[in-house]
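Trainee: Before I ask anything, let me first share the structure, which is written out below as structure tokens.
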Amino acid sequence: MSETLQQLLDISIFWEYRTVLLRGLAVNFYVFVCAAIVALSLGLGAALLRVSRRRPLRALGTLHVEIFRNAPDYVMVVWVHFVLPLLIGTLLHTRFELNPFVSAIIALGFVYSGYFAETFRAGIEAVPIGQIEAGRSCGMSDRHILWRIVLPQVVRRMLPESINQFISLFKATTIVSLIAVPDLMYQVSMITQQEMRPLPLYTGAALVYFAVILVASYALRAASERWRNKIFA
Amino acid sequence: MSEVPTIRVVDVHKRFGSLEVLRGVSFEVHRGNVVSMIGASGSGKSTLLRCINHLETPTTGDIFIEGESLCFRGDAAGSRAPRPLSEINRMRRDLGTVFQQFNLWPHMTVLGNVIEAPNRVRGLSRKAAAQLGGECLARVHLEDKALEYPARLSGGQQQRVAIARALAMQPKVMLFDEPTSSLDPELTDEVLGVMRELAADGTTMIVVTHEMGFAREVSDRVMFLHNGLIEEEGPPDQMFGAPKSERFRQFIAKYLY
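Going line by line, the protein sequences match chains X and R.
The first sequence begins at 1 in the numbering used here and counts up by one.
The second sequence begins at 234 in the numbering used here and counts up by one.
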């Protein structure tokens, strides 16, 4: 009995496949970084719309946030990969396909842009109006005030919450295996089909994700605290 | 006086919804003058100051900075098109503003606060701006705090940095909006001291204040606002020595006794 258990849990198989698995992990990072860039850019854009002086622009920003924040990431990944190309293909009367990487990055980028937009907005609204008036009365343009006065503070203010969102986004990159993006989870399920030993493989994958996220989030928190403390005493 | 006034306010009205905060205010400030605006809360004095740097748009009326209209494009006789924001921003460079809440930018050092606008709005090189910034910090006696962050300074020191930041734009006029009202009493003197020195150096200043001693000793002229109008104005000795209006008499009685 104990021998069976030992065999079931034998992690060494994970080591045998380390090259393939590491390549899978690299894919997770790649999807994560690209999706984060998409999410941050779109999120900032949507947040700026939401604090705009013009009502139609505000409504547009709210629409963006509500659609993507309330869309499950799994559904979005599937929809972007399988339904969106059909729609585009029908409209253009051609065959249209999306590379699974592109689908994954678009889907996750858009979903998380909804969350980041809210974080950005809260950060923007937390900058006291007086600081903006001080900029105006020195003759600064709105763009100058945004980039030099508001956003540097927003970034510092939103760091703690962003770290949580980055962690969620990183975890969400594991569902891209469902559309055959060859990430760590995808590799693990492929190997499991050959070796028929799901327990060590999936346990190993879980441990790797756990270790990566734990270390990264501690490092990021420590760095962000040091950076923030200088300013928000 | 044939010289063009530094600031000329012409029949400024300001309405917020149904509330008329300013009901037709006109006055002139000449170069080197120190004008204090006093009055009870809600008399319109802060709103008036905010109209002068266009943080509030007057409902009607206009403000001229060295003869140039702040609210409208072209000369007063010609076009009445509102002045675009880019031109207002250019004109604002000549108006240094100090706020009640200091409004320093917390993510920049003291020197960073002071040189941001000279460097990136006026277009001075970083080196020239830093030189100028150092001089402005020396004028408020804070040259040794250049590399601190605002959060590490006392309220009085923060307000002096805000004064240096406004001075660094080398404005034609300095606008002070209740600069000591959010300071603890023991910190007001260091700020008022700096303002006295600026006045002695010939800086043109408009000061909204509750500091009657300062208004009396430092100003060339005092304006008492009441319900959105200038109720009484004149040289401080005459104003405080022989107040004419009953309202002003009641107002200063609260401060003097």
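Backbone N, C-alpha and C fix where the C-beta goes; we use that ideal spot for every residue, glycine too.
Please read all numbers here as calculations on a predicted model, not as lab measurements.
(1) Name, please, each residue of chain X whose Cβ falls closer than 9 angstroms to the Cβ of Leu-380(R).
(2) Any C-beta of chain R within less than 8 angstroms: which residues of the stretch 144–156 of chain X qualify?
(3) Assign Gly-265(R) to one of three DSSP states: helix, strand, or coil.
(4) So for Lys-247(R), helix, strand or coil by DSSP?
(5) Could you have a look at Val-441(R) and say whether DSSP puts it in helix, strand or coil?
(6) Judging by CA-CA distance, which residue of Ala-363(R), Gly-388(R), Gln-392(R) is the nearest neighbour of Leu-380(R)?
(7) For Arg-359(R), go through chain X and note every residue whose CB falls closer than 9 angstroms to its CB, in chain order.
(8) Which residues in the same chain have their Cβ closer than 6 angstroms to the Cβ of Pro-100(X), if we skip the five residues on either side of it in sequence?
(9) Could you check which residue in Pro-160(X), Asp-183(X), Phe-170(X), Pro-200(X) has the C-alpha nearest to that of Ala-223(X)?
(10) Have a look at Ala-350(R) and His-443(R) and give me their C-alpha separation to the nearest angstrom.
(11) Under the assumption that Leu-108(X) contacts Asp-73(X) (Cβ atoms under 8 angstroms), give the Cβ distance between them as a whole number of angstroms.
(12) Determine the DSSP secondary structure at Phe-335(R), reduced to helix, strand or coil.
(13) Drop a sphere of 10 angstroms on the beta-carbon of Asp-434(R), count the other beta-carbons inside from all chains shown, and report buried for 16 or more, exposed for fewer.
(14) Looking only at C-alpha atoms, which of Arg-449(R), Ser-478(R), Met-456(R) sits nearest to Asp-470(R)?
(15) Can you grab the Cα-Cα spacing for the pair Thr-174(X) / Met-185(X), in whole Å?
(16) Does the separation of the CB atoms of Gly-130(X) and Phe-249(R) fall below 8 angstroms?
(17) In this structure, does DSSP put Thr-413(R) in helix, strand or coil?
(18) Are there any heavy atoms of the ligand GDP lying less than 7 angstroms away from the beta-carbon of Phe-457(R), as far as the coordinates show?
(19) Could you run through the stretch 326–342 of chain R and flag, in chain order, every residue whose CB is less than 7 angstroms away from some CB of chain X?
(20) Between Cys-304(R) and Arg-316(R), is the Cβ-Cβ spacing less than 8 angstroms?
(21) Would you mind telling me which residues of chain X sit closer than 7 angstroms to Leu-303(R), beta carbon to beta carbon, in chain order?
(22) Any idea which residues DSSP pairs Asp-295(R) with across the strands?
(23) Under 8 angstroms between beta-carbons, which chain X residues line up against Arg-353(R)? List them in chain order, please.
(24) When you compare the CB positions of Ala-401(R) and Ile-348(R), do they come within less than 8 angstroms of one another, or not?
(25) For a test of the three-state rule: what should DSSP assign to Val-150(X), helix, strand or coil?
(26) Tell me whether the beta-carbon of Val-491(R) lies closer than 8 angstroms to the beta-carbon of Ser-269(R).
(27) DSSP has Pro-315(R) in a bridge; who is on the other side?
(28) Assess, as a yes-or-no matter, whether the stretch 114–126 of chain X is touched by the stretch 35–46 of chain X under the definition of 3 or more beta carbon pairs within less than 8 angstroms.
(29) To the nearest angstrom, report how far apart Arg-480(R) and Leu-252(R) are at their CA atoms.
(30) Could you give the DSSP three-state label for Ile-11(X): helix, strand or coil?
(31) Quick check: is the beta carbon of Arg-226(X) nearer than 8 angstroms to any beta carbon in chain R?
(32) Please confirm whether Ala-36(X) has its beta-carbon closer than 8 angstroms to some beta-carbon of chain R.
(33) Which of helix, strand or coil does DSSP assign to Met-402(R)?
(34) Whole angstroms is fine: what's the gap from Phe-473(R)'s alpha carbon to Phe-457(R)'s?
(35) Given a cut-off of 8 angstroms on the beta-carbon distance, is the pair Ile-124(X) and Val-154(X) in contact?
(36) Could you tell me which residues DSSP puts in a beta bridge with Arg-454(R)?
Mentor: The structure says:
(1) Those do not exist, as Leu-380(R) stays about 11 angstroms from chain X at its closest Cβ, beyond 9 angstroms.
(2) His-144, Arg-148, Ile-149, Pro-152, Gln-153, Arg-156
(3) coil
(4) strand
(5) strand
(6) Ala-363(R)
(7) Those do not exist, as Arg-359(R) stays about 14 angstroms from chain X at its closest Cβ, beyond 9 angstroms.
(8) Ile-179, Ala-180, Val-181
(9) Pro-160(X)
(10) 29 angstroms
(11) 6 angstroms
(12) coil
(13) exposed
(14) Arg-449(R)
(15) 6 angstroms
(16) no
(17) coil
(18) No copy of the ligand GDP appears in this structure; indeed no ligand is present at all.
(19) Arg-326, Leu-328, Thr-330, Phe-332, Gln-334, Asn-336, Trp-338, Pro-339, His-340
(20) yes
(21) Those within 7 angstroms of Leu-303(R) in chain X number zero; the least Cβ separation is about 13 angstroms.
(22) Val-243(R)
(23) Met-140, His-144, Arg-148
(24) yes
(25) helix
(26) There is no way to answer for residue 491(R), as the model of chain R reaches only from 234 to 490.
(27) Phe-305(R)
(28) yes
(29) 21 angstroms
(30) coil
(31) no
(32) no
(33) coil
(34) 11 angstroms
(35) yes
(36) Val-268(R)
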